[in-house]
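Undergrad:
Residue numbers (this note's numbering): 24 to 182.
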């Protein structure tokens, strides 16, 4: 939730959060820009996008390949639409795990195909390592920076 607060304070329209245990499927590089395009074109339909959720049920198809989720788990890579920031931050004292928290207070979606999975491992953060000091964080940073420079800036609509 601190990342959402920080992004809102900076005046951003969305916040991409990638956990250290996020693993992309092979088609991620090709499909992620297409998923972003679909999300931006339908920004009023969702609050939180899950790139590879494990869900108990699908509520249904919202539009095209955008699927509504409730509940959703596995938030290894999410995008938070900051128009929902106030709604999400209003309940920050709730002790739920973050993925369940999003499901409880936001309109959660995924875009088919699912693009990432959560690697089964002990979190580097929980082990007490500094952010950025491990190979996993270095790799995540490279993936995110690559897309921010080459794709997102082009796909995101201009205000």
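For each residue, glycine too, the CB sits at the ideal point set by N, CA and C.
Predicted, not measured: the structure shown is a model, and the values here were computed from it.
Rounded to whole angstroms, what's the CA-CA distance from residue 184 to residue 118? Just pull it up for me.
TA: Past the boundaries of the shown model lies residue 184; the chain is included only from 24 to 182, so the question cannot be answered.
Undergrad: According to DSSP, what are the bridge partners of residue 140?
TA: Paired residues: 46.
Undergrad: Which residues share a DSSP beta bridge with residue 89?
TA: Paired residue(s): 86, 134.
Undergrad: Can you tell me whether DSSP reads residue 26 as helix, strand or coil?
TA: Reduced to three states, the DSSP call for residue 26 is helix.
Undergrad: Can you tell me the Cα-Cα spacing of residue 36 and residue 107, whole angstroms?
TA: About 10 Å.
Undergrad: Rounded to a whole number of angstroms, what is the C-alpha to C-alpha distance between residue 48 and residue 100?
TA: Taking the straight line from one Cα to the other gives about 12 Å.
Undergrad: Who pairs with residue 40 in a beta bridge, going by DSSP?
TA: Answer by DSSP bridge pairing, in chain order: 101.
Undergrad: Would you give the residue range spanned by the alpha helix (DSSP H) that residue 57 belongs to?
TA: Looking at the DSSP string, the run of the alpha helix (DSSP H) that includes residue 57 is 51–64.
Undergrad: Output the distance between the C-alpha atoms of residue 43 and residue 122, rounded to the nearest integer angstrom.
TA: Each residue's alpha carbon lies about 15 Å from the other.
Undergrad: Where do the ends of the alpha helix (DSSP H) carrying residue 122 lie?
TA: That run of the alpha helix (DSSP H) goes 121–128.
Undergrad: Closest by CA to residue 39, which one among 92, 105, 90?
TA: The shortest Cα separation from residue 39 among 92, 105, 90 belongs to 105.
Undergrad: Span of the alpha helix (DSSP H) holding residue 70?
TA: Unbroken run through residue 70: none, as it is neither H nor E.
Undergrad: Got a sec? Which residues, its chain only, sit under 6 Å from residue 24 by beta carbon, not counting five neighbours each side?
TA: Excluding sequence neighbours, residue 24 sits near 115.
Undergrad: Tell me the residue span of the alpha helix (DSSP H) that contains residue 109.
TA: Its alpha helix (DSSP H) spans residues 108–112.
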